[in-house]
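Every number in my numbering is 448 more than the matching position in the sequence shown, counting from 1.
No residue lacks a Cβ here, since even glycine has one placed at the ideal position from N, Cα and C.
The structure presented is a predicted model; accordingly, all values stated were derived computationally and were not measured.
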Amino acid sequence: MSLTEIKARVDAAAQKAGRDPDEIALIAVSKVQPNDRVQKVLESGHRSFGENKVQEAAGKWPDFRSRFEGIALHLIGPLQSNKTRQAMQLADAIHTVDRPKLAKAIARIAQEEGKCPDLFIQVNTGEEPQKAGVLPADVDTFVADCRALDLPILGLMCIPPVEEEPALHFALLAKMAARNGLTGLSMGMSADFESAIALGATHIRVGSAIFGDRVPG
Ligand SMILES: *Cc1c(COP(=O)(O)O)cnc(C)c1O
């Protein structure tokens with residue numbers, strides 16, 4: 449697959465759902481990809497990218513930013529508290545706000561730095577013990593707590609369990625966002641972004657379908 453093909457599929461899925469494709473941000477997830485592949489996608493004009501790890505993002509994006517205008521970098525991986533400041537300096541959006549301690553650290557650093565990336569709250573819709581994210585039962589309270597801290601919460605994010613029908617999780621996430629007055633929905637990856645678009649995704653995170661398989665190591 450290429451970026452052009454993925455964009456065509458995004459447009460088709462949006463059209464089928466009666467949605468404007470311009471309201472769906474395609475985040476090209478470049479984690480663990482060789483720089484030459486990322487550079488090709490930048491050269492084709494794409495500007496929205498996603499990384500999982502602060503350290504990896506710090507290693508490649510300052511250089512790309514110095515060479516390409518208008519990059520939007522999304523952090524989509526679990527965030528350790530001690531990397532919060534660096535994450536906020538690097539990223540335009542953080543999709544993985546998942547605990548009160550992190551929310552408080554972001555609020556404090558936003559005060560100090562005078563700016564804050566767009567934020568999404570990660571929800572563990574499948575209630576998987578090994579997965580990050582607030583539990584569905586705690587979402588409303590956590591959204592309210594983040595708002596009390598003046599955090600710019602754009603919406604909710606989820607990664608459905610591998611063995612389950614993702615549409616059920618996308619629908620649940622959309623319902624939780626709507627009842628909290630949130631319009632952003634970060635959901636959908638290479639295997640299921642069309643279903644996510646049908647259920648209201650505003651940010652889809654697509655890696656291997658754009659770049660090819662991740663090179664291990
Ligand atoms: C790696 C990753 C993606 C992209 O996965 P693909 O299946 O390669 O599209 C999306 N979201 C998160 C949180 C990821 O870690």
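Quick one: residues in its chain with C-beta nearer than 7 Å to the C-beta of residue i, no 5 flanking neighbours on either side, listed in chain order?
{"i": "Ser492", "result": "Leu451"}
{"i": "Gly603", "result": "Phe568, Ala625, Leu630, Thr631, Gly632, Leu633, Ser634, Thr650"}
{"i": "Ala535", "result": "Val502, Leu523, Leu527, Ile542"}
{"i": "His617", "result": "Thr573, Gly574, Cys606, Pro608"}
In angstroms with no decimal places, state the Cα-to-Cα distance between residue i and residue j.
{"i": "Asn572", "j": "Ala580", "result": "6 Å"}
{"i": "Pro548", "j": "Ala505", "result": "24 Å"}
{"i": "Ile652", "j": "Glu560", "result": "31 Å"}
{"i": "Ala668", "j": "His494", "result": "Look at the range of the chain in this structure, 449 to 665, and you will see that residue 668 is not part of it."}
{"i": "Glu612", "j": "Gly466", "result": "26 Å"}
{"i": "Leu620", "j": "Arg662", "result": "29 Å"}
{"i": "Ala657", "j": "Ile454", "result": "7 Å"}
{"i": "Val610", "j": "Arg513", "result": "34 Å"}
{"i": "Lys464", "j": "Val458", "result": "10 Å"}
{"i": "Arg595", "j": "Ala622", "result": "19 Å"}
{"i": "Lys563", "j": "Lys488", "result": "31 Å"}
Around the C-beta of residue i, are 16 or more other C-beta atoms found within 10 angstroms, so that it is buried, or is it exposed?
{"i": "Glu499", "result": "buried"}
{"i": "Gly648", "result": "buried"}
{"i": "Ser643", "result": "buried"}
{"i": "Gly655", "result": "buried"}
{"i": "Pro565", "result": "buried"}
{"i": "Gly518", "result": "exposed"}
{"i": "Ala639", "result": "exposed"}
{"i": "Asp546", "result": "buried"}
Heavy atom of ligand 2 less than 7 Å from the Cβ of residue i, yes or no?
{"i": "Gly525", "result": "This structure lacks ligand 2; its bound ligands are ligand 1."}
Leaving out five residues before and five after residue i in sequence, what residues of the same chain have Cβ atoms less than 8 Å from its Cβ?
{"i": "Leu550", "result": "Leu527, Ser529, Thr532"}
{"i": "Ile524", "result": "Ile475, Val477, Gly498, Glu499, Asn500, His543, Thr544, Met605, Ser634, Arg653"}
Could you tell me how far apart the beta carbons of residue i and residue j are, in whole angstroms, since I believe they sit closer than 8 Å?
{"i": "Glu576", "j": "Leu583", "result": "In fact, because the Cβ distance is near 10 Å, the residues do not count as touching under 8 Å."}
{"i": "Ala553", "j": "Leu599", "result": "So it is not a contact: roughly 11 Å between Cβ atoms."}
Quick one: which unbroken alpha helix (DSSP H) runs of 4-plus residues sit fully inside the stretch 501 to 535? Chain order, please.
Within the stretch 501 to 535, the complete alpha helix (DSSP H) segments at least 4 residues long are 502 to 515, listed from N- to C-terminus.
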